[in-house]
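Below is one structure; the comments refer to it alone.
There are 2 protein chains.
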Amino acid sequence: MQLLQNKVREEGIVLSGQVLKVDSFLNHQMDPILMKEVGQEFARLFQEENINKVLTIESSGIAPGIMTALELEVPMIFARKQKSLTLREDIYVEKVYSFTKQESNDITVSKKFIHPGDRVLIIDDFLANGEAAFGLARIVEQAGAQVAGIGIVIEKAFQPGGKLLTEAGYRVESLVRIAALDNGVVTFA
Amino acid sequence: MQLLQNKVREEGIVLSGQVLKVDSFLNHQMDPILMKEVGQEFARLFQEENINKVLTIESSGIAPGIMTALELEVPMIFARKQKSLTLREDIYVEKVYSFTKQESNDITVSKKFIHPGDRVLIIDDFLANGEAAFGLARIVEQAGAQVAGIGIVIEKAFQPGGKLLTEAGYRVESLVRIAALDNGVVTFA
Numbered sequence: 015m016q017l018l019q020n021k022v023r024e025e026g027i028v029l030s031g032q033v034l035k036v037d038s039f040l041n042h043q044m045d046p047i048l049m050k051e052v053g054q055e056f057a058r059l060f061q062e063e064n065i066n067k068v069l070t071i072e073s074s075g076i077a078p079g080i081m082t083a084l085e086l087e088v089p090m091i092f093a094r095k096q097k098s099l100t101l102r103e104d105i106y107v108e109k110v111y112s113f114t115k116q117e118s119n120d121i122t123v124s125k126k127f128i129h130p131g132d133r134v135l136i137i138d139d140f141l142a143n144g145e146a147a148f149g150l151a152r153i154v155e156q157a158g159a160q161v162a163g164i165g166i167v168i169e170k171a172f173q174p175g176g177k178l179l180t181e182a183g184y185r186v187e188s189l190v191r192i193a194a195l196d197n198g199v200v201t202f203a
Numbered sequence: 015m016q017l018l019q020n021k022v023r024e025e026g027i028v029l030s031g032q033v034l035k036v037d038s039f040l041n042h043q044m045d046p047i048l049m050k051e052v053g054q055e056f057a058r059l060f061q062e063e064n065i066n067k068v069l070t071i072e073s074s075g076i077a078p079g080i081m082t083a084l085e086l087e088v089p090m091i092f093a094r095k096q097k098s099l100t101l102r103e104d105i106y107v108e109k110v111y112s113f114t115k116q117e118s119n120d121i122t123v124s125k126k127f128i129h130p131g132d133r134v135l136i137i138d139d140f141l142a143n144g145e146a147a148f149g150l151a152r153i154v155e156q157a158g159a160q161v162a163g164i165g166i167v168i169e170k171a172f173q174p175g176g177k178l179l180t181e182a183g184y185r186v187e188s189l190v191r192i193a194a195l196d197n198g199v200v201t202f203a
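These protein sequences, in sequence, are chains A and B. Taking this note's numbering, I'd label the letters of the first sequence as residues 15 to 203. Taking this note's numbering, I'd label the letters of the second sequence as residues 15 to 203.
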């Protein structure tokens with residue numbers, strides 16, 4: 015997606031060989047027109063997948079998620095992140111490890127909102143090791159529903175998440191794929 | 015806003031005299047078409063206010079915030095909530111007390127994204143005691159910018175936030191105002 019690639023090139027800040035900061039348009043300040051186009055692009059890519067729900071995770075997944083859901087005219091659910099929880103009957107819980115923060119969080123979704131037969135599109139802002147996407151996929155499968163696809167705004171393709179998700183049988187579509195962040199420069203895949 | 019009032023009546027669950035659960039369309043699962051109409055309504059209400067930024071707070075403010083920003087064609091910033099932070103030069107920090115959770119959180123916004131001369135529209139999903147809205151307003155004012163208005167999706171008008179914000183000189187527009195949650199029934203103001 016050219017518009018997004020331009021934004022990454024112009025406004026992304028390479029903090030290290032691993033970390034790209036995009037807080038001017040995706041993670042803290044958000045560009046709503048760009049988010050709308052991201053939603054339109056995901057809707058186009060997955061239009062044949064009979065999606066009836068979008069699932070994302072707070073907080074940075076919500077804007078691309080709601081724009082995708084708007085285009086597809088389906089509800090969006092966002093998973094919540096919490097420190098480890100006492101077991102509850104009414105929610106699905108999966109543990110997700112963050113390599114960035116070096117900590118595990120529980121991600122949770124109410125059982126009310128995903129059901130057998132649902133075809134769920136998972137949306138997230140970043141894909142690196144795939145921990146969050148796998149956690150969301152396990153929640154969908156716990157519910158007896160199907161993962162219809164995984165849409166990622168920015169994939170760090172030099173980290174293994176995309177490969178692992180594809181090998182696990184998921185269809186992954188990333189709008190921008192970054193091959194390297196070496197020497198302060200973004201190289202696209 | 016009639017559509018929103020209908021949703022509250024049909025899907026809202028009164029958990030106590032203080033607590034209304036709206037997780038089927040606003041707080042966990044979200045209705046994107048409703049969110050778009052919420053954004054259009056805020057844009058209409060504040061169209062004369064020369065707004066150049068929307069400020070909200072994670073997580074439930076992001077969807078109504080981004081839809082409002084899309085209509086106004088301005089950037090949206092979401093404040094982050096964190097446990098108390100070590101002081102940092104590059105962010106505005108305000109302490110916000112949550113009566114629901116009975117704890118204080120720091121809310122933070124990068125200094126990069128709000129500047130003197132900005133006219134900022136604050137958007138949030140709920141207004142009860144006004145703690146979050148006042149915290150966001152203090153951040154805008156720390157930055158030397160102006161609060162151009164405060165847009166609330168659901169105001170619990172039996173709690174003092176709306177009155178306190180209005181007395182402090184802010185223009186508050188709530189799309190739905192709830193007068194009482196007694197006996198498991200929502201009464202609109």
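We put the CB at the ideal spot given by N, CA and C, even for glycine.
When the Cα atoms are used, what is the spatial distance from residue i to residue j?
i: serine 112 (chain A); j: isoleucine 105 (chain A); result: 21 Å
i: tyrosine 70 (chain A); j: glutamate 25 (chain B); result: Strictly speaking, residue 70 (chain A) in this sequence is threonine, with tyrosine absent from that position. For threonine 70 (chain A) and glutamate 25 (chain B), the distance between alpha carbons rounds to 22 Å.
i: methionine 90 (chain A); j: alanine 57 (chain A); result: 13 Å
i: glutamine 96 (chain B); j: alanine 146 (chain B); result: 13 Å
i: alanine 77 (chain A); j: valine 134 (chain B); result: 19 Å
i: serine 118 (chain A); j: phenylalanine 148 (chain A); result: 14 Å
i: serine 38 (chain B); j: proline 46 (chain B); result: 12 Å
i: glutamine 54 (chain B); j: valine 28 (chain A); result: 36 Å
i: serine 74 (chain A); j: arginine 23 (chain B); result: 30 Å
i: glycine 79 (chain B); j: asparagine 197 (chain B); result: 32 Å
i: histidine 129 (chain A); j: valine 199 (chain A); result: 44 Å
i: alanine 203 (chain B); j: alanine 83 (chain B); result: 27 Å
i: isoleucine 166 (chain A); j: serine 124 (chain A); result: 23 Å
i: glutamate 62 (chain A); j: glutamate 103 (chain B); result: 49 Å
i: isoleucine 192 (chain A); j: methionine 44 (chain A); result: 20 Å
i: isoleucine 136 (chain A); j: alanine 171 (chain A); result: 18 Å
i: leucine 195 (chain A); j: glycine 31 (chain A); result: 5 Å
i: valine 186 (chain B); j: isoleucine 164 (chain B); result: 5 Å
i: phenylalanine 92 (chain A); j: leucine 40 (chain B); result: 10 Å
i: phenylalanine 60 (chain A); j: alanine 182 (chain A); result: 18 Å
i: threonine 201 (chain A); j: leucine 48 (chain A); result: 21 Å
i: alanine 162 (chain B); j: tyrosine 184 (chain A); result: 46 Å
Excluding the 5 residues flanking residue i on each side, which residues of the same chain have their C-beta closer than 8 Å to its C-beta?
i: aspartate 132 (chain B); result: Asn66, Lys67, Val154, Ala157, Ala159 and Gln160
i: valine 52 (chain B); result: Met15, Leu18, Pro78, Met81, Thr82, Val167 and Leu189
i: arginine 127 (chain B); result: In the sequence on display, residue 127 (chain B) carries phenylalanine and not arginine. The answer, listed in chain order, is Lys67, Pro89 and Ile91.
i: leucine 101 (chain B); result: Val107
i: asparagine 64 (chain B); result: Arg133 and Ala162
Tell me, please, whether the CB atom of residue i is closer than 8 Å to any CB atom in chain A?
i: proline 130 (chain B); result: no
i: proline 174 (chain B); result: no
i: phenylalanine 140 (chain B); result: no
i: methionine 15 (chain B); result: no
i: serine 112 (chain B); result: no
i: glutamine 156 (chain B); result: no
i: glutamate 117 (chain B); result: no
i: glutamate 51 (chain B); result: no
i: leucine 84 (chain B); result: yes
i: alanine 77 (chain B); result: yes
i: isoleucine 121 (chain B); result: no
i: glutamine 160 (chain B); result: no
8 Å is my cut-off, CB to CB: does residue i come that close to chain B?
i: alanine 194 (chain A); result: no
i: glutamate 55 (chain A); result: no
i: serine 98 (chain A); result: no
i: serine 73 (chain A); result: yes
i: phenylalanine 60 (chain A); result: no
i: serine 30 (chain A); result: no
i: isoleucine 91 (chain A); result: yes
i: isoleucine 153 (chain A); result: no
i: serine 124 (chain A); result: yes
If you drop the 5 nearest sequence neighbours on each side, which residues of the same chain put their C-beta closer than 7 Å to that of residue i?
i: asparagine 143 (chain A); result: Phe113, Gln173, Pro174 and Gly175
i: aspartate 138 (chain B); result: Thr70, Ile71, Gly75, Ala146, Ala147 and Ile166
Please classify residue i: is it buried, with 16 or more other beta-carbons within 10 angstroms of its beta-carbon, or exposed?
i: lysine 50 (chain B); result: buried
i: alanine 151 (chain A); result: buried
i: glutamine 116 (chain A); result: exposed
i: alanine 179 (chain A); result: Here the sequence assigns leucine to residue 179 (chain A), which means alanine is not the residue at that position. Buried, by the Cβ-count rule.
i: asparagine 20 (chain B); result: exposed
i: histidine 42 (chain B); result: buried
i: leucine 86 (chain A); result: buried
i: serine 188 (chain B); result: buried
i: leucine 99 (chain B); result: exposed
i: valine 88 (chain B); result: buried
i: valine 33 (chain B); result: exposed
Cβ of residue i less than 8 Å from any chain E Cβ?
i: aspartate 37 (chain B); result: Note that chain E does not occur in the displayed structure, where the protein chains are A and B.
Please work out which residues of its chain come closer than 6 Å, Cβ to Cβ, to residue i, disregarding the five sequence neighbours upstream and downstream, and give them in chain order.
i: isoleucine 168 (chain A); result: Phe140 and Val190
i: glutamate 108 (chain A); result: Ile121, Gly149, Arg152 and Ile153
i: lysine 35 (chain A); result: Ile27 and Leu29
i: valine 110 (chain A); result: Asn119, Ile121, Glu145, Ala146 and Gly149
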